[in-house]
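Below is one structure, written out as structure tokens; the observations come after it.
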Amino acid sequence: MSERYSRQELFTGIGLEGQRKIGSKHVLVIGAGALGTGSAEALVRAGVGKLTIVDRDYVEWSNLQRQQLYAESDALDRLPKAVAAKNRLSAINSDVDIMAHVMDVSVEELEQLVDDVDVVIDATDNFDVRMIINDVAQKQKVPWIYGACVGSYGVTFTILPGETPCLACLLETVPMGGMTCDTVGIISPAVQMVVSYQVTEALKILVEDYDALRKKLVSFDLWKNEHVAINVDKIKKESCLSCGKDRTYPNLDRKNQTKTAVLCGRDTVQIRPSKLMERDLEQLATVLAAQGGKVDRNPYLVSFITDDHRLVIFKDGRVLIHGTKDISEAKTLYYRYLG
Amino acid sequence: MNVIVNGEHVEIPKNVATVSNLLQHFELDQKVVIVEWNATILEKADHQETRVSDGDRIEIVHFVGGG
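In the order they appear, the protein sequences are chains L and S. Just so we're aligned: the first sequence equals residues 1 to 339 in the working numbering. Just so we're aligned: the second sequence equals residues 1001 to 1067 in the working numbering.
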């Protein structure tokens, strides 16, 4: 055995046998932003057998403050995050089989990606894709680790199909955005804290030490010095459509997914949320105004102009993104400003 | 009224009578939250009826999307 993993093998929770298991396992990291780059680096250094990382975005200057796999050259080249991440990860540990995909993950993609995966790390930035992860994970019985952060706050929960409540049990309704890293900011220690929780839980799963799993919903605020851990076992619902006994996996149904459409000849993409809703336009205008773009509001819609794009948000939740025909770019802007 | 929220003693105004009021007070009413009230986890439907009293121990986790 080489020296490479000696400190990890000395750790009683892992040992030689645990290290062998880690080296034979496959982890899927969905998203290569702050959480994804943190988790991927830690797992590749830890010697996971295979790591797959997927992302639809490219590297920008505002990423470099916290997205640890990227350098200035990646931002200058506008390199896709999946590609830049793979470059760096391969340089860190050439023994790990690293698969990188530049893709927008939806149901079909995810059902294929999850095949032969031992654990999924959620490093996404929105609940639409998390609900899809939730149902695919339940259907294919793969553990996954929810993690999210904004400002100095973070939250995480490990979901074991058949044992813990699923994300649909916990949420009941999918949260509507408003606060994202692009609207209220983020400090990297909050990212690192969530990464620490997610990677440690992943290592426990990889070495098959299920008793060691945390089993609680955890949140913290590093600036306000708060830490909360709640036992949510009782929240598991028999009637849950994603993990209950009469499950239908509603989030895998096309009609429950956020719909996008390129508007012909208009250089515009329309995004329609899965369920129509009523947006508080006044509050939204205030949040967007703080971004420095130009905000206009009438009783029916809010218009927000950023560098090269104009976003028009309707009261029923529909959003038009002007200045692009690229669905992937439009979704990035949508989740960046509207969560 | 003095209650313990997320481990900290906090003074809350008299008009905060229920868990729903408490969430409004902390501006968490627009968010999806899990509330533990005196070591009992609450269903979301119970927030409206659950009364807050002096000395209650309340833990609140809210969900965020960023990453």
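Beta carbons: idealized from backbone N, C-alpha and C, even for Gly. These numbers were taken from a predicted model, which means no experiment stands behind them.
If you check the beta carbons only, do residue i and residue j fall under 8 Å apart?
i, j, result
"A100 (chain L)", "A82 (chain L)", "yes"
"L1028 (chain S)", "H1047 (chain S)", "no"
"D97 (chain L)", "I205 (chain L)", "no"
"K315 (chain L)", "L281 (chain L)", "yes"
"R214 (chain L)", "T158 (chain L)", "yes"
"L43 (chain L)", "V54 (chain L)", "no"
"A168 (chain L)", "L241 (chain L)", "yes"
"I230 (chain L)", "E1059 (chain S)", "yes"
"T12 (chain L)", "G1067 (chain S)", "no"
"I30 (chain L)", "I186 (chain L)", "no"
"R45 (chain L)", "I121 (chain L)", "no"
"T183 (chain L)", "Y337 (chain L)", "yes"
"G147 (chain L)", "Q198 (chain L)", "yes"
"Y327 (chain L)", "V207 (chain L)", "Residue identity differs from the one stated: residue 327 (chain L) is Ile in this sequence, not Tyr. Cβ distance not < 8 Å, so I327 (chain L) and V207 (chain L) don't count as in contact."
"R78 (chain L)", "V107 (chain L)", "no"
"H309 (chain L)", "L333 (chain L)", "yes"
"L170 (chain L)", "I1034 (chain S)", "yes"
"V1010 (chain S)", "T173 (chain L)", "no"
"L160 (chain L)", "V136 (chain L)", "no"
"A1055 (chain S)", "T180 (chain L)", "Before going on, a small fix: residue 1055 (chain S) reads as Gly here, not Ala. The answer is no: Cβ separation not under 8 Å."
"I340 (chain L)", "R279 (chain L)", "For chain L, the structure presents residues 1 to 339; residue 340 (chain L) sits outside this window and is missing."
For residue i, name the three-state secondary structure that DSSP assigns.
i, result
"S24 (chain L)", "coil"
"C149 (chain L)", "strand"
"A289 (chain L)", "helix"
"R272 (chain L)", "strand"
"R130 (chain L)", "helix"
"E172 (chain L)", "coil"
"S219 (chain L)", "strand"
"K224 (chain L)", "coil"
"N1002 (chain S)", "strand"
"Y277 (chain L)", "Residue 277 (chain L) is actually Met in this sequence, not Tyr. M277 (chain L) falls in the coil class under three-state DSSP."
"A123 (chain L)", "coil"
"L160 (chain L)", "coil"
"G15 (chain L)", "helix"
"S303 (chain L)", "strand"
"L320 (chain L)", "strand"
"I380 (chain L)", "Residue 380 (chain L) is absent from the structure shown; chain L starts at 1 and stops at 339."
"D343 (chain L)", "The requested residue 343 (chain L) is not part of the displayed model; chain L covers only 1 to 339."
"R7 (chain L)", "helix"
"V105 (chain L)", "coil"
"V194 (chain L)", "helix"
"V199 (chain L)", "helix"
"V96 (chain L)", "coil"
"V207 (chain L)", "coil"
Cβ of residue i less than 8 Å from any chain C Cβ?
i, result
"E278 (chain L)", "Any reference to chain C falls outside this structure, whose protein chains are L and S."
Original post:
Taking any Cβ of chain S, which residues in the stretch 216–229 of chain L have a Cβ under 9 Å from it, in chain order?
Top reply: L217, V218, S219, D221, K224, N225, E226, H227, V228, A229
Original post:
Between the stretch 147–169 of chain L and chain S, which residues of the former have CB atoms less than 7 Å from a CB of the latter, in chain order?
Top reply: G147, A148, C149, V150, Y153, V155
**OP:** Could I get the ranges of all uninterrupted beta strand (DSSP E) runs contained in the stretch 240–268 of chain L, with 3 residues as the minimum, in chain order?
**Re:** 259–263
Subject >> Proximal residues, the stretch 1024–1040 of chain S versus chain L, C-beta separation under 8 Å >> reply: Q1030, K1031, V1032, I1034, E1036
Original post:
Between the stretch 226–246 of chain L and the stretch 290–300 of chain L, are three or more C-beta pairs nearer than 8 Å?
Top reply: no
Original post:
What residues in the stretch 1052–1065 of chain S bring their beta carbon closer than 8 Å to a beta carbon of chain L?
Top reply: E1059, I1060, V1061, H1062, F1063, V1064, G1065
**OP:** Return the chain-ordered ranges of every beta strand (DSSP E) run that is complete within the stretch 1004–1063 of chain S and spans a minimum of 3 residues.
**Re:** 1008–1011, 1033–1037, 1057–1062
Original post:
Counting pairs of Cβ atoms below 8 Å between the stretch 260–272 of chain L and the stretch 282–298 of chain L, do you hit three or more?
Top reply: no
Original post:
Would you call the stretch 32–41 of chain L and the stretch 183–201 of chain L touching, i.e. three or more CB-CB distances under 8 Å?
Top reply: yes
Original post:
Just checking, does the stretch 137–153 of chain L make contact with the stretch 221–231 of chain L on the three C-beta pairs under 8 Å criterion?
Top reply: yes
Subject >> chain S contacts from the stretch 112–139 of chain L (Cβ-Cβ distance under 9 Å) >> reply: D122, A123, T124, D125, N126, F127, R130
Subject >> Secondary structure, beta strand (DSSP E): runs of 3+ residues fully inside the stretch 36–84 of chain L >> reply: 50–55
Original post:
Does the stretch 7–17 of chain L touch the stretch 128–141 of chain L, meaning 3 or more C-beta pairs lie closer than 8 Å?
Top reply: no
Subject >> Residues from the stretch 16–43 of chain L in contact with chain S, defined by Cβ distance under 8 Å >> reply: G31, G33, A34, L35, G36
Subject >> Proximal residues, the stretch 1005–1018 of chain S versus chain L, C-beta separation under 8 Å >> reply: N1006, G1007, E1008
Subject >> Interface positions of the stretch 232–247 of chain L facing chain S (Cβ-Cβ less than 8 Å), listed along the chain >> reply: V232, K234, I235
Subject >> Cβ-based contacts, 9 Å cut-off: residues of the stretch 43–77 of chain L near chain S >> reply: none
**OP:** Closer than 7 Å, Cβ to Cβ, to anything on chain S: give me those residues from the stretch 328–339 of chain L, in chain order.
**Re:** G339
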